[in-house]
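Chemist: Residues 15 to 467 (my numbering) make up the sequence shown, in order.
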Amino acid sequence: MFSSFYAKYKPYYKDNLILAVPIVVSQLGHTLVNLMDSVIVGHFAGTVQLAAVSLVNSIFMLILVVGLGISYGLTPLIAKENGRKNYDECGRLLSNSLIMNLGTSLLLYAFIYFGTLSIIGHMGQAPEVVVHARPYLTYLGMSIIPLMIFQTFKQFAEGLGFTKQAMYVSIWGNVLNVVLGIIFVKGLFGIAPMGVKGVGLSTLIDRTVMAIVMFSYVMRSKHFKIYLQHFKITFIDQVRTMQIFRIGAPVAMQYAFEISAFSGAAILIGTIGSVQQAAHQVAINLASMTYMIASGLASAATIKTGNNLGKKSFTDLRLSAIGSYHIVIAFMSLTAIIFMVSSRYLPYIYTDDIAVVNIAAQLLIIAGFFQLFDGTQVVGLGALRGLGDVNIPTLITFIAYWVIGIPLGYFLGITLHWGVNGIWYGLTVGLLVASILLFIRFQNRTKALIVNT
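Pasting the structure below:
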């Protein structure tokens, strides 16, 4: 029985993994920036500045995912048009996506500069944490502009199935980020120690280099010449812009609802204490690593689903997406075991503060459970995105995180005084609800496609 089941899905496992692995590596790039910032600051600058990284990342990621979500609107459209062999349209879509992403990045930077930097001191956080948080957020805010340029050409290439180049750019970008981060934070080669501000500057430089390299690759590679004949910086029209926006905006909201839930949790935890906030940063960084792998699988599901939709291969569409579910469940189950077994040891990657390590170890055991639900819900979102189904999934994410997850976390953590653990229990329940409802939605939509053909 198992052999026949495996034989049924084996071709889809292979295709999905070939497509997903480079995406996973490049997706991890976003999280690795935060992880390495935390590691460098935790070891070279201390617990207070690590808490500042936690505070800023919880805020910045909420703003960043709005931009990332908008950029993701291009991928399913490119995959679908490529499936139809409508190559000219791919170049037109790229033109509109680039202009829209640049505009989005400037708006997000303005929001950070004129809004977030002003209110960060009025969020009930420790004053010594806020002092270090402001310069770090300033540099991260600037980095969103080159990052959105990188995202435009990354999503374009990935939508066409070219996923390896973005992976290589992300790997070398993160190497550059780590090297510069250590130099700036610790103060090497005659540079004065910059503390947490140094990792912000290294991130800005890293993302600028990545944008230049990815743009050059797409513009010069022979693989894309057939698609770029109608690409013009000055070409933008309302119809194509709205096509991208109608997918990208709900995707941005999906990510925003989830990330804002975790940001809200970080702020709630910050009112408990800086040690708990630092422990949350350690645990959420580790959990984010596995989440970004699941997110890469979800992006592959989006591409395969969109491509099969363009080809009208609805049976392949469904089997491929279910194969992605199988892969993410297997992977998240494995990492859940690793988190639970190694919960006392993994936090030392970030800090030697025993108080932080003890709390983070408890959170990693909870993370072992919730990441399984986190993986299945993000793959569900990816498959539905490939179908162009984004509005109802957006509503599902809002209900799961903000009607269930955060209120329950506040009740357990603050009202019942369960502390940081209680807040994480609430998030876990929210992820469970999201994963169930999104899978039901996927089942109904794909079965309807097959029945109606």
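Each residue gets a CB set at the ideal place from its N, CA and C atoms; glycine is no exception.
#1: What is the residue span of the alpha helix (DSSP H) that Asp388 lies within?
#2: Pair every Cβ in the region 75 to 84 with every Cβ in the region 213 to 225, then say whether three or more of these pairs are closer than 8 Å.
#3: If you draw a straight line from the alpha carbon of Leu202 to that of Pro361, how long is it in whole angstroms?
#4: In the structure shown, what three-state DSSP assignment does Asp403 receive?
#5: Using DSSP with H/G/I as helix, E/B as strand and the rest coil, what is Tyr241?
#6: Under a three-way DSSP split, which group does Thr365 fall into?
#7: Taking only three categories from DSSP, how would you classify Ser449?
#8: Shortest alpha-carbon distance to Leu451 belongs to which of Phe425, Tyr415 and Arg98?
#9: Are the CB atoms of Ala292 and Leu33 nearer to each other than 8 Å?
#10: Span of the alpha helix (DSSP H) holding Phe345?
#11: Using 8 Å as the threshold, is the C-beta distance between Ser216 and Met75 below it?
#12: Using CA atoms only, rank isn't needed, just tell me which of Thr365, Gly400 and Ile281 is closest to Arg456.
#13: Quick check: what's the CA-CA separation for Leu426 versus His244?
#14: Ends of the alpha helix (DSSP H) at His431?
#15: In this structure, how does DSSP classify Asn110 when only helix, strand and coil are distinguished?
#16: Just confirm the distance between the C-beta atoms of Tyr26 and Ser334, as a whole number of angstroms; I'd bet it's less than 8 Å.
#17: Just curious, the alpha helix (DSSP H) that Arg254 is in, first and last residue?
#18: Is Thr411 near Ala448, with beta carbons less than 8 Å apart?
#19: Could you check what DSSP says for Tyr231 in three-state terms: helix, strand or coil?
#20: When the cut-off is 8 Å and only beta carbons count, does Ser68 lie next to chain D?
#21: Assuming Ile250 and Ser119 make a contact with CB atoms under 8 Å, what is their CB distance in whole Å?
#22: Report back the beta-carbon spacing between Gly382 and Ala312 to the nearest angstrom; my notes put them in contact at under 8 Å.
#23: Have a look at Ala270 and Lys239 and give me their C-alpha separation to the nearest angstrom.
#24: May I have the straight-line CA-CA distance separating Phe198 from Ala315, to the nearest angstrom?
#25: State yes or no: is the C-beta of Phe167 within less than 8 Å of the C-beta of Met228?
#26: Three-state secondary structure (DSSP) at Ile84?
#27: Helix or strand or just coil, what does DSSP make of Thr411?
#28: Near Gly214, what residues of its chain come up, given a Cβ to Cβ distance below 6 Å and the 5 sequence neighbours on each side ignored?
#29: Please classify Thr285: is it buried, with 16 or more other beta-carbons within 10 angstroms of its beta-carbon, or exposed?
#30: Provide the residue span of the alpha helix (DSSP H) that contains Gly195, from first to last.
#31: Straight-line CA distance for Ile413 to Tyr439?
#32: May I ask you to report which of helix, strand or coil DSSP gives Gly444?
#33: Select from Ile196, Tyr127, Asn191 and Tyr339 the residue whose C-alpha is nearest the C-alpha of Ser454.
#34: Output needed for Met162: all residues of its chain with C-beta closer than 7 Å, excluding positions within five of it in sequence on either side, in chain order.
#35: Closest to Thr329 by C-alpha separation, out of Ile283, Val192 and Ala462, would be which residue?
Modeler: The relevant details are as follows:
#1: Taking the first residue of the sequence shown as 1, we reach residue 388 at position 374. That run of the alpha helix (DSSP H) goes Ile368 to Gly400.
#2: Not touching, per the Cβ criterion.
#3: For the purposes of this step, residue 202 is taken as residue 188 along the sequence shown, with counting starting at 1. For the purposes of this step, residue 361 is taken as residue 347 along the sequence shown, with counting starting at 1. Their backbone Cα atoms lie some 26 Å apart in a straight line.
#4: Within the sequence shown, residue 403 is the residue found at index 389, counting from 1. Here Asp403 sits in coil by DSSP.
#5: Taking the first residue of the sequence shown as 1, we reach residue 241 at position 227. Looking at Tyr241 - three-state DSSP - the assignment turns out to be coil, as it is neither helix nor strand.
#6: Here the question's residue 365 lines up with position 351 in the sequence shown. Three-state DSSP puts Thr365 in coil, outside helix and strand.
#7: Here the question's residue 449 lines up with position 435 in the sequence shown. The answer is helix: DSSP assigns Ser449 an H, G or I state.
#8: Working through the sequence shown from its first residue, we reach residue 451 at position 437. The candidate whose alpha carbon is nearest that of Leu451 is Tyr415.
#9: Here residue 292 refers to the residue found at position 278 when the sequence shown is read from its first residue. Here residue 33 refers to the residue found at position 19 when the sequence shown is read from its first residue. No, Cβ-Cβ distance for Ala292 and Leu33 is not below 8 Å.
#10: Here residue 345 refers to the residue found at position 331 when the sequence shown is read from its first residue. Taken as a continuous stretch (DSSP letters only), the alpha helix (DSSP H) holding Phe345 covers Phe328 to Val355.
#11: The sequence position of residue 216 within the sequence shown is 202, counting from 1. The sequence position of residue 75 within the sequence shown is 61, counting from 1. No.
#12: Taking the sequence shown and counting its residues from 1, the one referred to as residue 456 is at position 442. Here residue 456 is Phe; the residue named in the question, Arg, does not match the sequence. Ranking the options by Cα distance to Phe456, first place goes to Gly400.
#13: The residue labelled residue 426 in the question sits at position 412 within the sequence shown. The residue labelled residue 244 in the question sits at position 230 within the sequence shown. So the two alpha carbons sit approximately 55 Å from each other.
#14: Taking the sequence shown and counting its residues from 1, one reaches residue 431 at position 417. Here His431 belongs to no alpha helix (DSSP H), and DSSP marks it neither H nor E.
#15: If you number the sequence shown from 1, residue 110 lands on position 96. Note: Asn110 maps to helix in three-state DSSP.
#16: For this step, residue 26 is matched to residue 12 along the sequence shown. For this step, residue 334 is matched to residue 320 along the sequence shown. Sure, about 5 Å apart at Cβ, within 8 Å.
#17: As a first step, residue 254 must be located in the sequence shown, where it is residue number 240. Element bounds for Arg254: Gln252 to Ile286.
#18: Here residue 411 refers to the residue found at position 397 when the sequence shown is read from its first residue. Here residue 448 refers to the residue found at position 434 when the sequence shown is read from its first residue. It is a contact, given that the beta carbons lie within the stated cut-off.
#19: Working through the sequence shown from its first residue, we reach residue 231 at position 217. Of the three classes helix, strand and coil, the one that applies to Tyr231 here is helix, per DSSP.
#20: Note that chain D does not occur in the displayed structure, where there is just one protein chain.
#21: The residue labelled residue 250 in the question sits at position 236 within the sequence shown. The residue labelled residue 119 in the question sits at position 105 within the sequence shown. Not confirmed; about 16 Å, so no contact.
#22: For the purposes of this step, residue 382 is taken as the residue at position 368 of the sequence shown. For the purposes of this step, residue 312 is taken as the residue at position 298 of the sequence shown. Not really, about 20 Å apart at Cβ, beyond 8 Å.
#23: What you label residue 270 is simply residue 256 of the sequence shown in a count that begins at 1. What you label residue 239 is simply residue 225 of the sequence shown in a count that begins at 1. Going from the Cα of Ala270 to the Cα of Lys239 covers about 35 Å.
#24: Residue mapping note: residue 198 aligns to position 184 of the sequence shown, counting from 1. Residue mapping note: residue 315 aligns to position 301 of the sequence shown, counting from 1. Roughly 39 Å separates the two Cα atoms.
#25: Residue mapping note: residue 167 aligns to position 153 of the sequence shown, counting from 1. Residue mapping note: residue 228 aligns to position 214 of the sequence shown, counting from 1. Yes, the Cβ-Cβ distance between Phe167 and Met228 is below 8 Å.
#26: Numbered from its first residue, the sequence shown carries residue 84 at position 70. Ile84 sits in a helix when the DSSP states are folded into three classes.
#27: Here residue 411 corresponds to residue number 397 of the sequence shown, with the count starting at 1. Thr411: helix per DSSP, three-state reduction.
#28: To locate residue 214, count along the sequence shown from 1; it is residue 200. Cβ neighbours of Gly214 beyond the five flanking positions: Tyr150, Tyr153 and Leu154.
#29: The residue given as residue 285 occupies position 271 in the sequence shown. With fewer than 16 Cβ atoms within 10 Å of its Cβ, Thr285 is classed as exposed.
#30: As a first step, residue 195 must be located in the sequence shown, where it is residue number 181. Taken as a continuous stretch (DSSP letters only), the alpha helix (DSSP H) holding Gly195 covers Lys178 to Lys200.
#31: What you label residue 413 is simply residue 399 of the sequence shown in a count that begins at 1. What you label residue 439 is simply residue 425 of the sequence shown in a count that begins at 1. Taking the straight line from one Cα to the other gives about 16 Å.
#32: Taking the sequence shown and counting its residues from 1, one reaches residue 444 at position 430. If DSSP states are grouped into helix, strand and coil, Gly444 belongs with the helices.
#33: Taking the sequence shown and counting its residues from 1, the one referred to as residue 454 is at position 440. Sequence check: residue 454 is Ile here, not Ser. Nearest of Ile196, Tyr127, Asn191 and Tyr339 to Ile454, Cα basis: Tyr339.
#34: In the sequence shown, the residue the question calls residue 162 occupies position 148. So the list reads Gly81, Ser85, Asn115, Leu116, Thr118 and Ser119, once near-sequence residues are dropped.
#35: Working through the sequence shown from its first residue, we reach residue 329 at position 315. Cα-wise, what sits closest to Thr329 is Ala462.
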